[in-house]
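Right, one structure below, let's go through it.
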Amino acid sequence: MASMEVQFKGQAYPLALAEGSTATVGELQEQIEHVLGVPKDAQRLFQKRRRVDCSDATRLVADACDCGAQAPPLYLVAGASAEQIEEMRHTHSAVQAEQQIRVGVLAEMPPDGKVGVDPVCVLGLNQNKGQKILLRLRTDDLLGFRKFLRYVLLASTWRHGPLPCDRERRIHDAIRHLQAHYSVESVAKAVSLLHKIVSNIISHPADAKFRSIRKANRLFDGQVARFPECLEFLLALGFEDQTEKFVLVREDPALLWIGRSKLEVLLPAVA
53 MASMEVQFKG QAYPLALAEG STATVGELQE QIEHVLGVPK DAQRLFQKRR RVDCSDATRL
113 VADACDCGAQ APPLYLVAGA SAEQIEEMRH THSAVQAEQQ IRVGVLAEMP PDGKVGVDPV
173 CVLGLNQNKG QKILLRLRTD DLLGFRKFLR YVLLASTWRH GPLPCDRERR IHDAIRHLQA
233 HYSVESVAKA VSLLHKIVSN IISHPADAKF RSIRKANRLF DGQVARFPEC LEFLLALGFE
293 DQTEKFVLVR EDPALLWIGR SKLEVLLPAV A
């Protein structure tokens, strides 16, 4: 039997595979589920800064990644399984049915009180169990939108509307894994650089140079690429893993704002 090393939560696990390079991706996933307890549909595998394509269970492991005698280890990130997502969906549907909650109208409300000046500033209003939700979206001078726009939406509709999209969940999972499995000091530079990358894209939406990251870049390779969760974060934002670089091919302003806001939660701790 051949073996392959998988790194998970800072520990190395040797997995037994069939000899002769005949092991399939499905068999590798079964081994991971048996040894580590991570369901197949929740497994995210990385090797040498690239995500391993596990979409075809019949594909040979040798075709999906490097599995030779001197091959680098695989890095496993555990996301939410389809069963967990379905359970959450049923839970939210049950709450909606029990409370008879529906979001009928989503509207903008004018600024009521100045932030930092008036003692009370209303940010949103939920009327009659979500029949109408008003959100204070714009700044006090009405010239721009508030950075917490997305969070106000989530706070108002989390129990009354659809679940966040899959990319939002992946962003949340990536940050949660960084917090849970690494020390603050070890991820400080990675978080700071990711925040700078996302901020540049938001601040310069028409500048193509901020939409690609060279894998050979010394700072990126040394500070970000060594954390699989950071690479998963970029993929969830809309970056595509190409041969020599990561390129933002799917731009979603809301996801960029959410991603930066998630990183900002860690910034005070790593400053």
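Counting in the numbering used here, the sequence shown runs from 53 upward without gaps. Ideal Cβ positions, reconstructed from N, Cα and C, are used throughout, including at glycine. No experiment lies behind these values; they were computed from the predicted model shown.
Are the beta-carbon atoms belonging to residue i and residue j less than 8 Å from one another?
i	j	result
L67	Q83	yes
L300	I253	yes
D259	K267	no
R312	H247	yes
F298	A226	no
Using only alpha-carbon positions, find the residue among the options that is nearest to residue i.
i	options	result
R278	L128, I254, D93 and S107	L128
S264	Q275, L271, H233 and I249	I249
A119	D108, A240 and L69	The displayed chain sequence assigns Cys, not Ala, to residue 119. The residue with the shortest Cα to Cα distance from C119 is L69.
R94	E135, A116 and K61	Just to set this straight, residue 94 is Ala in the shown sequence, not Arg. Considering only alpha carbons, the answer is E135.
K61	V90, V174, L189 and V276	V90
C282	Q122, I223 and Q294	I223
R270	L88, K241, S251 and Y65	K241
S251	R188, W309, V276 and Q294	W309
T74	E85, Q63, S55 and V113	V113
M56	L126, A109, D108 and V104	L126
L158	D108, R188, Q122 and V104	R188
L79	V87, Q63, A109 and L88	Residue 79 is actually Glu in this sequence, not Leu. Minimum Cα distance to E79 is reached at A109.
Measure how close the beta-carbons of residue i and residue j come, nearest whole angstrom, since I'm counting them as under 8 Å.
i	j	result
A132	R228	In fact, because the Cβ distance is near 10 Å, the residues do not count as touching under 8 Å.
P124	K100	6 Å
G243	L315	The question names Gly, but residue 243 in the sequence shown is Val. Contact flag correct, Cβ pair sits at about 6 Å.
L289	L307	6 Å
A121	V104	That belief does not hold up - the Cβ atoms of A121 and V104 are roughly 18 Å apart, past 8 Å.
What does the alpha-carbon distance come out to for the pair residue i and residue j?
i	j	result
F291	D218	15 Å
E160	L97	42 Å
I137	D304	23 Å
L186	D170	20 Å
V77	R111	6 Å
L230	Q59	15 Å
E296	C106	21 Å
V317	P280	19 Å
P163	R102	46 Å
Y234	V276	13 Å
G176	K166	14 Å
S238	K184	45 Å
A130	V87	14 Å
E85	E139	20 Å
H212	A64	Its pLDDT being 43, under 50, H212 is placed unreliably in this model, and the coordinates cannot settle the point.
K261	L245	16 Å
N178	Q294	45 Å
P216	S255	Confidence is the limiting factor: at P216 the pLDDT is only 45, short of 50, which leaves the residue's position unreliable and the question unanswerable from this model.
P257	A232	32 Å
Span of the beta strand (DSSP E) holding residue i?
i	result
P66	Q63 to L69
A159	V157 to E160
F298	K297 to L300
D293	F291 to D293
Q95	Q95 to Q99
K184	K184 to L187
L128	L126 to A130
What I want to know is whether the C-beta of residue i ends up closer than 7 Å to one or more non-hydrogen atoms of the ligand NAP.
i	result
L245	This structure lacks the ligand NAP, and indeed carries no ligand of any kind.
Starting from residue i, trace the alpha helix (DSSP H) in both directions and tell me its first and last residue.
i	result
R221	D218 to H233
V113	V113 to A116
L88	V77 to L88
S324	Past the edges of the chain, shown from 53 to 323, lies residue 324, and the structure says nothing about it.
L245	V236 to S255
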